[in-house]
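The structure under discussion appears below in the form of structure tokens.
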Amino acid sequence: MGGRGGDPQTGPLLEKLPESSRSSSEEHPVKRTGTVWTASAHIITAVVGSGVLSLAWSVAHLGWVGGPTAIVFFAGVTVVQSSLLAECYVSRGDPERGSGVRNKSYMDAVKFYLGEKRQMLSGFFLSISLFGSGVVYTLTTATSMRAIHEANRYGREGRGAPFSTAAAGGSDVYYMLLFGLAQAVLSQIPDFHNMAWLSVFAAVMSFFYSFVGFGLGAAKVIENGVIMGGIGGIPLVSPMQKVWRVAQSLGDIAFAYPYTLVLLEIEDTLRSPPAESKTMKKASRASIAITTFFYLGCGCFGYAAFGDGTPGNLLTGFGEPYWLIDLANLSVVLHLLGGYQASTYYYPMLCFRTAYVVAVTAMAVWYPYFNQVVGLIGAFTFWPLDIHFPVEMYLAQNKVAPWTTRWLAIQAFRATCLLVAAFASVGSAVGVFGPNKG
1 MGGRGGDPQT GPLLEKLPES SRSSSEEHPV KRTGTVWTAS AHIITAVVGS
51 GVLSLAWSVA HLGWVGGPTA IVFFAGVTVV QSSLLAECYV SRGDPERGSG
101 VRNKSYMDAV KFYLGEKRQM LSGFFLSISL FGSGVVYTLT TATSMRAIHE
151 ANRYGREGRG APFSTAAAGG SDVYYMLLFG LAQAVLSQIP DFHNMAWLSV
201 FAAVMSFFYS FVGFGLGAAK VIENGVIMGG IGGIPLVSPM QKVWRVAQSL
251 GDIAFAYPYT LVLLEIEDTL RSPPAESKTM KKASRASIAI TTFFYLGCGC
301 FGYAAFGDGT PGNLLTGFGE PYWLIDLANL SVVLHLLGGY QASTYYYPML
351 CFRTAYVVAV TAMAVWYPYF NQVVGLIGAF TFWPLDIHFP VEMYLAQNKV
401 APWTTRWLAI QAFRATCLLV AAFASVGSAV GVFGPNKG
């Protein structure tokens with residue numbers, strides 16, 4: 001999720017978004033034992049996901065200055081917005097809505113602070129995020145499955161074998177359909193998305209392929225003996241193409257960071273005192289610092305290793321060792337087989353879930369542009385889900401008076417994020433739907 005998630009920004013999508021439930025701590029006493037360490041672990045496993053695979057491509061188009069700057073910028077934005085949202089877990093000092101009410105999920109909080117209409121609007125963007133993430137997962141898995149096929153062929157025939165874009169008698173469509181069929185079957189398993197082992201397994205898989213990408217990138221830089229790339233990134237034919245690629249790169253980074261959708265669920269596991277919000281803020285700062293270091297490593301080592309030839313999916317750039325590449329790509333497939341299921345549990349089984357999987361697969365087949373689709377989903381849902389609604393809830397919770405210094409600072413933060421998200425959304429849309437697709 002990342003991702004939304006989690007990757008939500010994987011990412012957040014690996015976690016079950018529970019049904020709406022809202023109660024005060026007095027109504028349903030629950031023993032909460034979480035600490036800053038457990039919260040940090042939850043956050044890191046929620047954030048690190050398939051979004052990490054596109055970071056090298058993003059850095060390559062943004063360049064040695066813009067790439068790291070953009071990663072650090074989104075890290076800072078994530079720290080700020082997570083701090084604002086953490087304040088909304090327990091209501092206080094509100095006789096109308098109630099005081100001491102625990103909002104155990106994102107949707108609960110939106111309904112509590114902003115009302116049912118705003119909850120429906122946020123649900124619309126959440127649905128887009130989940131659907132789009134399913135498309136991204138389908139594209140990512142197809143690429144990894146083809147990479148496994150190619151790596152095995154190279155192992156048999158040697159590196160001199162011509163690269164095949166028509167593996168197994170077809171293009172990536174073959175693998176998309178295969179993945180879609182598997183998801184249609186898995187979506188019929190009752191409570192598959194909520195099995196305790198699934199999140200642990202998916203987290204292990206995501207860390208494995210992420211560390212492989214990180215390590216192979218560093219090893220290739222050492223092997224090359226030179227740091228490739230340039231200040232301005234990959235040069236393109238026209239200035240407008242460069243502008244759109246910069247926008248798409250920002251969208252890819254936006255997709256990789258936020259964990260908004262599961263933040264309150266993680267906070268609901270924390271013990272107090274100290275206040276849950278205080279512990280959550282500390283955990284957020286620590287985990288985002290660790291994640292940012294990791295993202296900078298993956299993005300920068302990938303660009304330094306491949307330069308202008310940096311692939312859209314980092315793992316596809318490596319050819320050897322074959323066994324490690326196969327394991328890394330297999331871990332991507334296994335990770336996303338489970339992560340995808342979080343986006344189907346809302347729907348009735350059999351007909352509706354099958355139709356949902358068919359729609360996601362069809363969209364992936366029609367728009368098979370991995371980095372552009374990642375950018376579009378990340379950018380389009382970034383501002384409403386990760387910025388606008390958390391800011392609105394924070395203002396309602398703390399009753400921040402208009403035109404005060406704090407109010408102006410928050411509005412400036414929101415406006416800046418809106419401009420970045422709008423730019424990234426337009427550029428990514430051009431990459432998906434424009435005349436020069438992909």
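Take the sequence shown: its letter number 313 is residue 313 in full-length UniProt numbering, and every next letter is one higher. Even glycine gets a Cβ: it sits at the ideal position worked out from N, Cα and C.
Open item on the list: Please classify T10 as buried or exposed, where buried requires at least 16 neighbouring CB atoms within 10 angstroms.
Closed with: Per-residue confidence for T10 stands at a pLDDT of 37, beneath the threshold of 50, marking its modelled position as unreliable; no derived number is given.
Task: Rounded separation between K117 and L53 - CA only - done: Looking at the two C-alpha atoms, the distance is approximately 36 angstroms.
Open item on the list: Measuring straight from C-alpha to C-alpha, what distance separates F294 and W323?
Closed with: One alpha carbon belongs to F294, the other to W323, and they sit about 24 angstroms apart.
Open item on the list: Taking only three categories from DSSP, how would you classify N313?
Closed with: N313 falls in the coil class under three-state DSSP.
Open item on the list: Whole angstroms are fine: how far does the CA of L296 sit from the CA of P68?
Closed with: About 6 angstroms.
TODO: Count the CB pairs spanning the segment 364-384 and the segment 123-134 that are closer than 8 angstroms, and state whether there are at least three.
DONE: Output reads yes: the segment 123-134 touches the segment 364-384.
Task: Bridge partners - L270, DSSP secondary structure assignment - done: DSSP lists G34 as the bridge partner or partners of L270.
TODO: Give a yes or no on whether the C-beta atoms belonging to S272 and V48 are separated by under 7 angstroms.
DONE: Against a cut-off of 7 angstroms, the Cβ pair of V48 and S272 comes out as no contact.
TODO: Take T78 and list the residues in its own chain whose beta-carbon comes closer than 7 angstroms to its own, dropping the five residues that flank it on each side.
DONE: Excluding residues within five positions, the ones whose Cβ falls inside 7 angstroms are Y257, P258, I288.
Task: Rounded straight-line distance, which links the Cα of L114 to that of A218 - done: Looking at the two C-alpha atoms, the distance is approximately 47 angstroms.
- [ ] Please confirm if the segment 387-394 is in contact with the segment 412-420, defined as three or more CB-CB distances below 8 angstroms between the two stretches.
- [x] In this structure the segment 387-394 touches the segment 412-420; the number of beta carbon pairs closer than 8 angstroms is three or more.
Task: Neighbourhood of C298 by C-beta, 6 angstroms cutoff - its chain only, sequence neighbours within 5 removed - done: Excluding residues within five positions, the ones whose Cβ falls inside 6 angstroms are V52, L55, G213, F214.
- [ ] Would you be able to state if there are at least three C-beta pairs under 8 angstroms between the segment 374-381 and the segment 123-132?
- [x] The segment 123-132 makes contact with the segment 374-381; the number of CB pairs closer than 8 angstroms reaches 3 or more.
Open item on the list: I need the straight-line Cα distance from I410 to V391, nearest angstrom please.
Closed with: Roughly 8 angstroms separates the two Cα atoms.
Task: For L270 and G100, believed in contact at Cβ under 8 angstroms, the rounded distance - done: Not a contact, Cβ separation roughly 16 angstroms.
Open item on the list: Could you tell me the alpha carbon to alpha carbon distance between N398 and L85, rounded to whole angstroms?
Closed with: Distance between the alpha carbons of N398 and L85: 11 angstroms.
TODO: Report the residue from A283, F352, T292, G309 whose alpha carbon sits nearest the alpha carbon of W37.
DONE: Out of A283, F352, T292, G309, A283 has the C-alpha closest to the C-alpha of W37.
Task: Three-state class that DSSP yields for Y257 in the structure shown - done: In the structure shown, Y257 sits in coil (DSSP, three-state: anything other than H, G, I, E or B).
- [ ] Let me know if D7 comes out buried or exposed under the rule of 16 or more other beta-carbons within 10 Å of its beta-carbon.
- [x] Per-residue confidence for D7 stands at a pLDDT of 46, beneath the threshold of 50, marking its modelled position as unreliable; the derived number appears in the next sentence. Classification for D7: buried.
- [ ] Flag this pair as yes or no: are the beta carbons of I231 and V65 separated by less than 7 angstroms?
- [x] Yes, the pair counts as a contact, with Cβ atoms nearer than the cut-off.
TODO: With DSSP collapsed to three states, give me the class of Y367.
DONE: Residue state, collapsed to three classes: coil.
Open item on the list: DSSP three-state label for F318, please.
Closed with: For F318, the secondary structure class from DSSP, reduced to helix, strand or coil, is coil.
Task: For F208 and S331, the rounded distance between their alpha carbons - done: Taking the straight line from one Cα to the other gives about 7 angstroms.
Task: Other residues of its chain near I43: CB distance less than 7 angstroms, five sequence neighbours each side excluded - done: Apart from sequence neighbours up to five positions away, the residues of its chain that approach I43 with a beta-carbon distance below 7 angstroms are Y259, I266, A283, S284, S287, ordered along the chain.
Task: T143 versus A202, A182, P311, L236, residue with shortest Cα-Cα distance - done: Of the listed residues, the one whose Cα sits closest to T143 is P311.
Open item on the list: Please identify the residue among L337, A424, T292, G431 whose C-alpha is closest to the C-alpha of L181.
Closed with: Measuring from the Cα of L181, the nearest candidate turns out to be L337.
Open item on the list: Quick test of your reading: G319 and M228, contact by CB under 8 angstroms. State the CB separation rounded to the nearest angstrom.
Closed with: Wrong, their Cβ atoms sit about 17 angstroms apart, outside the cutoff.
Task: Rounded separation between S58 and Y303 - CA only - done: A direct Cα-Cα distance of roughly 9 angstroms separates S58 from Y303.
Open item on the list: Taking its Cβ as the centre, do 16 or more other Cβ atoms sit within 10 Å of A424, making it buried, or is it exposed?
Closed with: The residue in question, A424, is buried, as its Cβ has 16 or more Cβ neighbours within 10 Å.
Open item on the list: For a quick check, are the C-beta atoms of Q248 and G431 less than 7 angstroms apart?
Closed with: Yes, they are a contact pair.
Task: For V243 and G427, believed in contact at Cβ under 8 angstroms, the rounded distance - done: Yes, G427 and V243 are in contact; Cβ-Cβ is about 7 angstroms, under 8 angstroms.
Task: Run of the alpha helix (DSSP H) containing I290, from where it starts to where it stops - done: Residues 276-306.
Open item on the list: Please classify S50 as buried or exposed, where buried requires at least 16 neighbouring CB atoms within 10 angstroms.
Closed with: The residue is buried, with at least 16 neighbouring Cβ atoms inside 10 Å.
Task: C-alpha distance - T292 paired with V72, whole-angstrom precision - done: Computed Cα separation, rounded: 7 angstroms.
TODO: Kindly list the residues whose CB is nearer than 6 angstroms to the CB of T354, restricted to its own chain and excluding five residues on each side of it in sequence; keep chain order.
DONE: Around T354: A184.
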